[in-house]
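Structure record follows, encoded as structure tokens.
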Amino acid sequence: MGSCTLHGAITALVTPFTPDGAVDEAALRSLVAWQIEQGIDALVPVGSTGEAATLTLAERARVVAITAEIAAGRVPVIAGAGSNDTAAAIENSRVLAAAGATHLLHVSPMYSKPPQRGLVAHFRAIADASTLPVVLYNVPGRTASNVEVDTQLALAEHPNIVATKEAS
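Residue numbers (my numbering): 270 to 437.
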């Protein structure tokens, strides 16, 4: 596993919306500033809690850009970039890195239930293509796919995979 600077309390941010369904940028700015003022150690925009599945990639990038702007290097910004489609996950990573993320969070593919060797191939391809450190996200209750311990150990050998968010 690569070198990891993540530690402490990490908040999975909600994405606030206006009554008409647009991202509420002012509320997001206030939320990020408040989290940092309270001493949070890192932030996760556009993960499951942040409505990643309901946002366009452009909206996700805007949320990450605002989070990174307000964080201003004071805390890591771990952007949810996952997808069932490896190529889409790589593109999400590229776009969210350009928006200001410091790390990328990749959930295991959902619904299709890939075998462990498929998970290794998926996550290695993402890590190979990424310019940022990658955090794996194992949440089998939501994905119906468990990244088993042996698989995580194999993936930990990749220098760009720095952590796992474990929720099994």
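Using N, Cα and C, we set each Cβ at its ideal position, and we do this for glycine too.
Considering just the uninterrupted stretch of the alpha helix (DSSP H) at residue i, what are its terminal residues?
i	result
residue 410	409 to 412
residue 297	294 to 306
residue 388	385 to 398
residue 381	Where residue 381 is concerned, there is no enclosing alpha helix (DSSP H), given that its DSSP letter is neither H nor E.
residue 420	418 to 424
residue 355	355 to 368
When DSSP builds the beta bridges, which residues end up paired with residue i?
i	result
residue 435	407
residue 346	312
residue 281	313
residue 335	DSSP, once it has assigned bridges, lists no residue as partnering residue 335.
residue 430	403
Between residue i and chain C, is the shortest Cβ-Cβ distance under 7 Å, so that the two count as touching?
i	result
residue 299	Included in the structure is just one protein chain, with no chain C present.
Would you kindly work out how many angstroms separate the C-alpha atoms of residue i and residue j, rounded to a whole number?
i	j	result
residue 452	residue 328	Only positions 270 to 437 of the chain appear in the structure, and residue 452 is not among them; the question remains open.
residue 376	residue 324	16 Å
residue 296	residue 336	11 Å
residue 350	residue 379	14 Å
residue 382	residue 315	23 Å
residue 213	residue 307	Residue 213 is absent from the model: the chain starts at 270 and stops at 437.
residue 406	residue 294	26 Å
residue 393	residue 301	31 Å
residue 437	residue 414	10 Å
residue 388	residue 342	32 Å
residue 494	residue 385	There is no way to answer for residue 494, as the model of the chain reaches only from 270 to 437.
residue 287	residue 426	43 Å
Smallest Cα separation from residue i: which of the options?
i	options	result
residue 390	353, 402, 304 and 400	353
residue 281	348, 307 and 343	348
residue 422	414, 313, 413 and 433	433
residue 410	333, 435 and 365	435
residue 303	292, 340, 396 and 288	340
residue 320	278, 308, 292 and 342	292
residue 299	332, 310, 279 and 288	332
residue 345	279, 420, 368 and 290	279
residue 356	371, 396, 385 and 384	396
residue 310	428, 274 and 403	274
Tell me which residue opens and which closes the beta strand (DSSP E) that residue i is part of.
i	result
residue 373	372 to 376
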